[in-house]
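The next block holds one structure in the form of structure tokens; read it before the comments.
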Amino acid sequence: MAKTLVFDVDGVLADFCYGFSELAIRRFHQPLMAPYSSGGQPDWNWGEYPGIPIHVIDSMWAFIQESEIFWRDLLPLVPRGEIKDMKATCQPFDVIYMTARPGDTAKQQTEGWLVDYGFPAGRVIIQTDKPKGCLQLQEAGATVVGILDDRPGVVVDLYEDGWPVTIRDAQYNRVTTADVSAHRRRSLQEMDRVGLRVTSLAEFLGRIRQADADGELGS
Ligand SMILES: [Mg+2]
Numbered sequence: 013m014a015k016t017l018v019f020d021v022d023g024v025l026a027d028f029c030y031g032f033s034e035l036a037i038r039r040f041h042q043p044l045m046a047p048y049s050s051g052g053q054p055d056w057n058w059g060e061y062p063g064i065p066i067h068v069i070d071s072m073w074a075f076i077q078e079s080e081i082f083w084r085d086l087l088p089l090v091p092r093g094e095i096k097d098m099k100a101t102c103q104p105f106d107v108i109y110m111t112a113r114p115g116d117t118a119k120q121q122t123e124g125w126l127v128d129y130g131f132p133a134g135r136v137i138i139q140t141d142k143p144k145g146c147l148q149l150q151e152a153g154a155t156v157v158g159i160l161d162d163r164p165g166v167v168v169d170l171y172e173d174g175w176p177v178t179i180r181d182a183q184y185n186r187v188t189t190a191d192v193s194a195h196r197r198r199s200l201q202e203m204d205r206v207g208l209r210v211t212s213l214a215e216f217l218g219r220i221r222q223a224d225a226d227g228e229l230g231s
């Protein structure tokens, strides 16, 4: 059974927020002061901040759906050194990139983008239901030993189903600000209590190396 690491892409490896806010300004003429990166997004729900009207958000998603370059053009959220680190750390593992990106060419764009920036080789899976995606990997013989994601609802779903998920910290996924139900908030709180939150990809990779060296990820 291949030990497998599952990485979310947007908000973990790629700076979706920068690309999205830049699109809002340049193409949809929204008066933002400046585009901002994933670290600067205060809330998961784009409709509420920075005040882009919902019909514009809808038009932007329609544009992205059709675009053959939007995903390909995003900037990495991690420095070059961390990508190298990721490549070295992931050597003994199978790597899966699991993303809910929409659009007919989202998968191909993502594959090309990962190659462009030198991320470790791995299969790209488009999946909105990530627990289901992990289950399918398991049924195909994989042993999922680590998952890194940033979306509050997704990390809670994975955690509650018993998957080894770690939260990539961001303002919008903290217990005090996450847009989740009271029940999910308790799970998020519990994840924090047991230390399932990292502030960088590098920190996650360090944990994986340590756990592997300690034999915690199986043989
Ligand atoms: Mg994400």
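For the sequence shown, the positions run 13 to 231 when my numbering is used.
For each residue, glycine too, the CB sits at the ideal point set by N, CA and C.
Between the C-alpha atoms of residue i and residue j, what's the straight-line distance to the nearest angstrom?
i    : j    : result
L229 : Q120 : 31 Å
T140 : F28  : 16 Å
L86  : D22  : 9 Å
R180 : V24  : 7 Å
A74  : A118 : 13 Å
L126 : F82  : 14 Å
P43  : A152 : 48 Å
V18  : A133 : 12 Å
I137 : D106 : 13 Å
P101 : R219 : Rather than Pro, the amino acid found at residue 101 in this sequence is Thr. Cα to Cα, the separation comes out at about 10 Å.
I66  : R221 : 43 Å
S231 : K96  : 24 Å
P143 : L170 : 5 Å
L200 : L213 : 19 Å
K123 : I64  : Looking at the sequence provided, one finds Glu at residue 123 rather than Lys. Using only the alpha carbons, I get a separation of about 30 Å.
E94  : E78  : 31 Å
R186 : H195 : 14 Å
So, helix, strand or coil for residue i, using DSSP?
i    : result
F105 : coil
A154 : coil
V167 : helix
P88  : strand
I66  : helix
R232 : Outside the shown range of the chain (13 to 231) lies residue 232, about which nothing can therefore be said.
D161 : strand
S79  : coil
E172 : helix
G190 : Sequence check: residue 190 is Ala here, not Gly. The answer is coil: DSSP assigns A190 none of H, G, I, E or B.
G31  : helix
A100 : helix
E228 : coil
A133 : coil
Which partner residues of residue i appear in the DSSP bridge assignment?
i    : result
T111 : I138
L147 : In DSSP, L147 forms no bridge with anything.
D22  : A26
R209 : I179
Tell me which residue opens and which closes the beta strand (DSSP E) that residue i is part of.
i    : result
R180 : V177 to R180
V18  : K15 to F19
Ends of the alpha helix (DSSP H) at residue i?
i    : result
G218 : L213 to A225
E123 : A118 to D128
D239 : Past the boundaries of the shown model lies residue 239; the chain is included only from 13 to 231, so the question cannot be answered.
Taking 7 Å as the cut-off, is the C-beta of residue i nearer than that to any heavy atom in ligand 3?
i    : result
R113 : Because ligand 3 does not appear in the structure shown, any question about it cannot be addressed here, the ligands present being ligand 1.
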